[in-house]
Amino acid sequence: MKLIKDNYKIEIDENRGSITSLNYCGKEYIGGEMPLFEIALRDKEGELTKCDTNEFLCVTKEENEDFLSIVFKSDRTTVRTKIEAKENLSFYISIDGISDKVTEWVKYPQIAVPDDFSDNGGSSKGLWGFNE
Numbered sequence: 001m002k003l004i005k006d007n008y009k010i011e012i013d014e015n016r017g018s019i020t021s022l023n024y025c026g027k028e029y030i031g032g033e034m035p036l037f038e039i040a041l042r043d044k045e046g047e048l049t050k051c052d053t054n055e056f057l058c059v060t061k062e063e064n065e066d067f068l069s070i071v072f073k074s075d076r077t078t079v080r081t082k083i084e085a086k087e088n089l090s091f092y093i094s095i096d097g098i099s100d101k102v103t104e105w106v107k108y109p110q111i112a113v114p115d116d117f118s119d120n121g122g123s124s125k126g127l128w129g130f131n132e
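Residue 1 is where the sequence shown starts when you use the working numbering, and the numbers rise one by one after that.
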């Protein structure tokens, strides 16, 4: 699946559940393939279970000029992902069907960036806006 909008191009392999290309202004920002999402679930006893797109099946997909949408399912869990391209890329995820566990955390999107930072002779600079 591909989404091309203005200076953005993103490619998703919906069968493997991974971002295979994230390109902005002709520069590739993916340095390696990773699962699109990873979820940690916790049960009543405090036991943690981790799962990622490798444990899910792509059941529906939709794409147009403004977004990509993929629904993944496992035994009892449905994960809906959506990537929109407007002024920026926006990533959305929802998780349904977990009855005996709670969602501890979600990693979405998971990307591996190339080591092209200015400290290593490249042209990239990073600013990670992270606030919990």
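Ideal Cβ placement from N, Cα and C applies to all residues, glycine included.
Which residues DSSP lists as bridging residue i, in chain order
i, result
"Cys-58", "Phe-72"
"Asp-52", "Glu-38"
"Tyr-24", "Tyr-8, Lys-27"
"Lys-101", "Asp-43"
"Gly-32", "Ala-112"
"Thr-77", "In DSSP, Thr-77 forms no bridge with anything."
"Glu-63", "Leu-68"
"Asp-13", "Ser-18"
"Lys-107", "Glu-38"
"Lys-2", "Glu-11"
Integer-rounded CB distance, given that residue j should sit under 8 Å from residue i
i, j, result
"Ile-19", "Ile-4", "Not quite, the Cβ-Cβ distance comes to about 14 Å (not below 8 Å), so this is no contact."
"Cys-58", "Gly-17", "7 Å"
"Ile-70", "Glu-14", "5 Å"
"Pro-114", "Leu-36", "Wrong, their Cβ atoms sit about 18 Å apart, outside the cutoff."
"Lys-73", "Phe-91", "Contact flag wrong, Cβ pair sits at about 19 Å."
"Ile-93", "Val-102", "In fact, because the Cβ distance is near 16 Å, the residues do not count as touching under 8 Å."
Cβ-based neighbour list, residue i, same chain, cut-off 6 Å, excluding 5 preceding and 5 following
i, result
"Lys-50", "Ala-40"
"Thr-77", "Gly-97, Ile-98"
"Lys-9", "Asn-23"
"Lys-2", "Glu-11"
Sequence-distant residues of the same chain with beta carbon closer than 7 Å to residue i, five excluded per side
i, result
"Asn-7", "Tyr-24, Cys-25"
"Asp-116", "Gly-122, Ser-123, Ser-124"
"Met-34", "Ser-18, Gln-110, Ile-111, Ala-112"
"Lys-107", "Phe-37, Glu-38"
"Asn-64", "none"
"Glu-104", "Ala-40, Leu-41, Arg-42, Leu-48"
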